[in-house]
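These notes concern the structure reproduced below.
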Amino acid sequence: MFSGVMDYFKASLSGALQIGKDIIPGDTKLACEVSNLEEDYENITPYVYRAAVSPHIAAKLENTPMDLDIVKKKYAYLKEKYDFIIAEGSGGIVCPLIDDERGVYLLENLIKDLNMSVIIVARAGVGTINHSVLTVKYIESLGIKIKGIIINNYKENLICDDNINMIEKLTKVPIIGKFKSMENLEDTMIEDIRTNAEKAFRAQMIIECTEEL
0 MFSGVMDYFK ASLSGALQIG KDIIPGDTKL ACEVSNLEED YENITPYVYR
50 AAVSPHIAAK LENTPMDLDI VKKKYAYLKE KYDFIIAEGS GGIVCPLIDD
100 ERGVYLLENL IKDLNMSVII VARAGVGTIN HSVLTVKYIE SLGIKIKGII
150 INNYKENLIC DDNINMIEKL TKVPIIGKFK SMENLEDTMI EDIRTNAEKA
200 FRAQMIIECT EEL
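Its first residue numbered 0, the sequence shown is counted upward by one per residue in numbering that gives the first Met the number 0.
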């Protein structure tokens, strides 16, 4: 039986929403609303950028470079407060978070520094076999543990189902969820995401992916 308190974390977010004078981290806001989380946004997402570009570019444009000590302190705070944390990356595994006099610091570096394992989110359609297999092999080469793969924008058809089957065969990594494509969600987005998630994920496999902090 799964028990424990869970929270969400995203070290940096680009493309934030501007509502009046407030800058709102859209992904963080959505995650909190869907999951009924009440943690302050500044603890969940310490770096929020308005520019919808890679974090290392946004940091330069807005003159707000990422301070890794702050990121680590926020994450440590959440670890003390919660039993489990689901952290969302910014872009792919080699997405640059920092590019300045300190050098280039990628998402993969943050994952290793925070001692995280990963769940890969892969698209469902044409090209995903190549993309998914290469991603798995690269992450494995870094010594980062992969807990599973979630298929996004899944459609019940021969192509998607064969892609899923082939990805599992080639990577030996379990597919732990198939999240269906969702459209026209403006009025019912929160409830529709919850309903879709309940159908998409194998509960026992999600439980097996968790590691108590």
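Beta carbons: idealized from backbone N, C-alpha and C, even for Gly.
Who are residue 97's beta bridge partners in DSSP?
-> DSSP lists 104 as partners of residue 97.
In three-state DSSP terms, what is residue 49?
-> DSSP places residue 49 in coil when its eight states are reduced to three.
Ends of the beta strand (DSSP E) at residue 117?
-> Note, residue 117: beta strand (DSSP E), 117 to 122.
Every unbroken alpha helix (DSSP H) within the region 52 to 82, with a cutoff of 4 residues, ordered by chain | With a minimum length of 4 residues, the continuous alpha helix (DSSP H) runs that stay inside the region 52 to 82 are 54 to 60, 67 to 80.
Under the three-state DSSP convention, the category residue 5 falls into | Residue state, collapsed to three classes: strand.
Could you tell me whether the Cβ atoms of residue 38 and residue 6 are closer together than 8 Å?
-> Yes; because the gap between Cβ atoms is below 8 Å, this pair is in contact.
Work out the CA separation of residue 61 and residue 0 for me, nearest whole Å.
-> Because the pLDDT of residue 0 is 42, which lies under 50, any placement of that residue in the model is unreliable, and the question is left without a value.
Under three-state DSSP, which class holds residue 128?
-> In the structure shown, the three-state DSSP call for residue 128 is helix.
Can you tell me the Cβ-Cβ gap for residue 158 and residue 124, rounded? I've got them flagged as a contact below 8 Å.
-> Rounded, the Cβ-Cβ distance is 7 Å, consistent with contact.
Terminal residues of the continuous beta strand (DSSP E) containing residue 195?
-> Annotation: residue 195 is outside any beta strand (DSSP E); the continuous alpha helix (DSSP H) that includes it extends over 188 to 199.
Could you have a look at residue 25 and say whether DSSP puts it in helix, strand or coil?
-> Reduced to three states, the DSSP call for residue 25 is helix.
Less than 8 Å separating the beta-carbons of residue 116 and residue 150?
-> No, Cβ-Cβ distance for residue 116 and residue 150 is not below 8 Å.
Is it right to say residue 177 is buried, meaning 16 or more other beta carbons lie within 10 angstroms of its own, or is it exposed?
-> By the Cβ-count criterion, residue 177 is buried, with 16 or more other Cβ atoms from all chains shown falling within 10 Å of its own Cβ.
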